[in-house]
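Undergrad: Below is a structure I'd like to ask you about.
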């Protein structure tokens, strides 16, 4: 592996790790369920993509590269779907968004009461 490829791989790995840490901080800072799922969903998709690309650059053969590519494609398709399913399940269960004072800003529709 060339030095430039190694450096590029390390940059992708560090950027992905940084994004995972910022996503965890966002998860802890936000108070609302929907804000938390938004922060985690976005950063998780991009961070894992960057980490997997960094690992792909370090892969020695075609088989490990193919496996990492399949994992990347699976995560890119399943992560937004899982975030949406969690948000829809929370909405169906009656969890409503709150403002910064903890007050629910949306009233229930007449058929949801």
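In our numbering, the protein residues as written are 14 to 126.
C-beta atoms are modelled at their ideal positions from N, C-alpha and C, and glycine is treated no differently.
#1: Taking just the CA atoms, how far does residue 50 sit from residue 80?
#2: Going by other Cβ atoms of all chains shown within 10 Å of its Cβ, with 16 needed for buried, is residue 29 buried or exposed?
#3: So, with DSSP's three-state summary, where would you put residue 109?
#4: May I have the straight-line CA-CA distance separating residue 94 from residue 19, to the nearest angstrom?
#5: Are the beta-carbon atoms belonging to residue 46 and residue 103 less than 7 Å from one another?
#6: So, are the CB atoms of residue 52 and residue 40 less than 7 Å apart?
TA: Per the coordinate set shown:
#1: Numbered from 1 along the chain shown, position 67 holds the residue referred to as residue 80. Numbered from 1 along the chain shown, position 37 holds the residue referred to as residue 50. Here the C-alpha atom of residue 80 lies approximately 28 Å from the C-alpha atom of residue 50.
#2: Indexing the chain shown from 1 puts residue 29 at position 16. Buried is the call here.
#3: The residue you call residue 109 lines up with position 96 of the chain shown. It is coil, neither helix nor strand.
#4: Mapped onto the chain shown, residue 94 falls at position 81. Mapped onto the chain shown, residue 19 falls at position 6. The straight-line gap from Cα to Cα measures roughly 33 Å.
#5: In the chain shown, counting from the first residue as 1, residue 46 sits at position 33. In the chain shown, counting from the first residue as 1, residue 103 sits at position 90. Yes, they are a contact pair.
#6: Here the question's residue 52 lines up with position 39 in the chain shown. Here the question's residue 40 lines up with position 27 in the chain shown. Closer than 7 Å, so yes.
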